[in-house]
Amino acid sequence: MSNKITITIDGKKIEAAAGENLLDVCRREFIPIPTLCDHGDLKPYGVCRLCIVEWDRGDWSKIVTSCNFPVKDGQIFKTSSDKVKRQRKMIMELTLARSSKTPEVIEVAKQVGVDAEAVRFPKKDDGCILCGMCIRACSEVVEANAISFAGRGPERKISSPFFEEAGDCIGCGSCAYICPTNYIKMEEDENFRTFPEWKVKFEMARCSKCGQKIAPKKQLEFIRKKASLPSDWFDVCINCRP
Ligand code: SF4
Ligand code: FES
Numbered sequence: 173m174s175n176k177i178t179i180t181i182d183g184k185k186i187e188a189a190a191g192e193n194l195l196d197v198c199r200r201e202f203i204p205i206p207t208l209c210d211h212g213d214l215k216p217y218g219v220c221r222l223c224i225v226e227w228d229r230g231d232w233s234k235i236v237t238s239c240n241f242p243v244k245d246g247q248i249f250k251t252s253s254d255k256v257k258r259q260r261k262m263i264m265e266l267t268l269a270r271s272s273k274t275p276e277v278i279e280v281a282k283q284v285g286v287d288a289e290a291v292r293f294p295k296k297d298d299g300c301i302l303c304g305m306c307i308r309a310c311s312e313v314v315e316a317n318a319i320s321f322a323g324r325g326p327e328r329k330i331s332s333p334f335f336e337e338a339g340d341c342i343g344c345g346s347c348a349y350i351c352p353t354n355y356i357k358m359e360e361d362e363n364f365r366t367f368p369e370w371k372v373k374f375e376m377a378r379c380s381k382c383g384q385k386i387a388p389k390k391q392l393e394f395i396r397k398k399a400s401l402p403s404d405w406f407d408v409c410i411n412c413r414p
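Residue numbers (the working numbering): 173 to 414.
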């Protein structure tokens, strides 16, 4: 471990690397921290706020999100103080008001000690918890940048540009695969893949040898160009490739 430091979590001295994310340290130490916007392949975003912990500064303390908190030597944290538990419950209820029927959200609610059926806030229940994982997967991993957030406050939602057809979408489905609440629908039949939220429809490519469906033509062309592959690279599927 380079630049080794020592921090204290829940009274226990723990070694970490300077600048390491507090959430990563907690996970390594098997300290349970609830999360709903953290993903190993994406940069920390700090938006669900369920990963909060109390940073003990001696005569005062501060609530911080652990997923994007770089640790320094000598810092002291409490992961389940009354203050943390109280705030997490409130955040969880607000999250449940947006999505109370999703197994993943219900599971995290259980960890936090909140009954998904007993939420005190008016329910919108549209399913999207605004975790931004779809947007980050599209921009950070795929690099298509086809979707983003639109609006503010209660009107905030994920969207294609100007709620019109997402012209930069390549139909890869990363947004739908990563979404923890299954809010993004990806429909597929023999010939087309469709994303109603993004108002886009893609023709599927087929293997010229076995006829098997491969992926949307636009996605294959995007990959082919990015990786500078020969123009006929995706004419055949992986099983028929010599
Ligand atoms: S659609 Fe899914 S992945 Fe995207 S912000 Fe909403 S809950 Fe998160
Ligand atoms: S995991 Fe830290 S804010 Fe969501």
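Where is the CB? At the ideal position from N, CA and C, for every residue including glycine.
Taking DSSP as the reference, what is the three-state secondary structure of residue 359? Counting from one through the sequence shown, the residue named residue 359 turns up at place 187. The answer is strand: DSSP assigns residue 359 an E or B state.
Note the first and the last residue of the continuous alpha helix (DSSP H) segment covering residue 388. Translated into positions along the sequence shown, residue 388 becomes position 216. Note, residue 388: premise wrong, no alpha helix (DSSP H); beta strand (DSSP E) at 385-388.
Is the beta carbon of residue 356 closer than 8 Å to that of residue 369? To locate residue 369, count along the sequence shown from 1; it is residue 197. To locate residue 356, count along the sequence shown from 1; it is residue 184. In contact: residue 369 and residue 356 (Cβ atoms closer than 8 Å).
With which residues is residue 178 paired in a DSSP beta bridge? Indexing the sequence shown from 1 puts residue 178 at position 6. DSSP, once it has assigned bridges, lists 187 as partnering residue 178.
Do residue 208 and residue 222 have their C-beta atoms within less than 8 Å of each other? For the purposes of this step, residue 208 is taken as residue 36 along the sequence shown, with counting starting at 1. For the purposes of this step, residue 222 is taken as residue 50 along the sequence shown, with counting starting at 1. A contact, by the Cβ cut-off of 8 Å.
For residue 247, which residues in the same chain have their Cβ closer than 6 Å to its Cβ, ignoring the five residues on either side in sequence? Your numbering for residue 247 matches position 75 in the sequence shown. Closer than 6 Å at Cβ, skipping near neighbours: 179.
Looking at residue 263 and residue 305, is the spacing between their C-beta atoms short of 8 Å? As a working mapping, residue 305 is identified with position 133 in the sequence shown. As a working mapping, residue 263 is identified with position 91 in the sequence shown. Their beta carbons are not under 8 Å apart, which means residue 305 does not touch residue 263 by this criterion.
What whole-angstrom Cβ distance do residue 416 and residue 277 have, given they're in contact under 8 Å? Since the first residue shown for the chain is 173 and the last is 414, residue 416 is missing from the structure and cannot be characterised.
Is it buried or exposed for residue 382, if we count other Cβ within 10 angstroms and need 16 for buried? Locating residue 382 in the sequence shown gives position 210, counting from the first residue. Exposed is the call here.
At 3 residues or longer, and completely inside the segment 232-289: list those beta strand (DSSP E) runs for me, N to C. 233-237, 248-250
Less than 7 Å between the CB of residue 305 and some heavy atom of ligand 1, yes or no? Along the sequence shown, one-based indexing puts residue 305 at 133. Residue 305: yes, Cβ under 7 Å from ligand 1.
Considering only the beta carbon of each residue, do residue 284 and residue 261 sit closer than 8 Å? Taking the first residue of the sequence shown as position 1, residue 284 is located at position 112. Taking the first residue of the sequence shown as position 1, residue 261 is located at position 89. In contact: residue 284 and residue 261 (Cβ atoms closer than 8 Å).
Would you mind working out which of 193, 253, 315, 257 sits nearest residue 340, comparing C-alpha positions? Here residue 340 is taken as the residue at index 168 of the sequence shown, counted from 1. Taking only the C-alpha atoms, the option nearest residue 340 is 315.
Give the secondary structure of residue 395 by DSSP, where H, G and I count as helix, E and B as strand, and everything else as coil. Here residue 395 is taken as the residue at index 223 of the sequence shown, counted from 1. DSSP places residue 395 in helix when its eight states are reduced to three.
Residue 384 to residue 360, Cα distance in whole Å? Along the sequence shown, one-based indexing puts residue 384 at 212. Along the sequence shown, one-based indexing puts residue 360 at 188. One C-alpha to the other measures close to 14 Å.
May I ask you to check if the CB of residue 267 is nearer than 7 Å to at least one heavy atom of ligand 1? Numbered from 1 along the sequence shown, position 95 holds the residue referred to as residue 267. Answer for residue 267: no, Cβ out of range of ligand 1.
Give me the residue from 186, 215, 408 with the minimum Cα distance to residue 309. Within the sequence shown, the letter at position 137 stands for residue 309. Taking only the C-alpha atoms, the option nearest residue 309 is 215.
Of all the options 273, 255, 218, which has the alpha carbon lying nearest to the alpha carbon of residue 227? Counting from 1 along the sequence shown, the entry for residue 227 is found at position 55. Among 273, 255, 218, the Cα nearest to that of residue 227 is on 255.
Cβ contact check for the segment 185-194 and the segment 229-249: 3 or more pairs under 8 Å: yes
Are the CB atoms of residue 303 and residue 333 within a distance shorter than 8 Å? Mapped onto the sequence shown, residue 333 falls at position 161. Mapped onto the sequence shown, residue 303 falls at position 131. The answer is no: Cβ separation not under 8 Å.
CA-to-CA distance, residue 312 to residue 321, given in whole angstroms: In the sequence shown, residue 321 corresponds to position 149, counting from 1. In the sequence shown, residue 312 corresponds to position 140, counting from 1. Near 15 Å, if we compare the C-alpha coordinates of residue 312 and residue 321.
Can you tell me whether residue 380 is buried or exposed, with buried defined as 16 or more other CB within 10 angstroms of its CB? Counted from its first residue, the sequence shown places residue 380 at position 208. Exposed, by the Cβ-count rule.
Identify every run of the alpha helix (DSSP H) within the segment 303-352, keeping only runs that are complete inside it and at least 4 residues long; order them along the chain. 305-308, 346-350
Does the Cβ-Cβ distance between residue 253 and residue 299 come in under 8 Å? Here residue 253 refers to the residue found at position 81 when the sequence shown is read from its first residue. Here residue 299 refers to the residue found at position 127 when the sequence shown is read from its first residue. No; because the gap between Cβ atoms is not below 8 Å, this pair is not in contact.
Just verifying my parser: in three-state terms, what is the DSSP assignment at residue 378? Locating residue 378 in the sequence shown gives position 206, counting from the first residue. Looking at residue 378 - three-state DSSP - the assignment turns out to be strand.
Going by Cα to Cα distance, which pick from 362, 301, 373 is closest to residue 325? Residue mapping note: residue 325 aligns to position 153 of the sequence shown, counting from 1. Closest by alpha carbon: 301.
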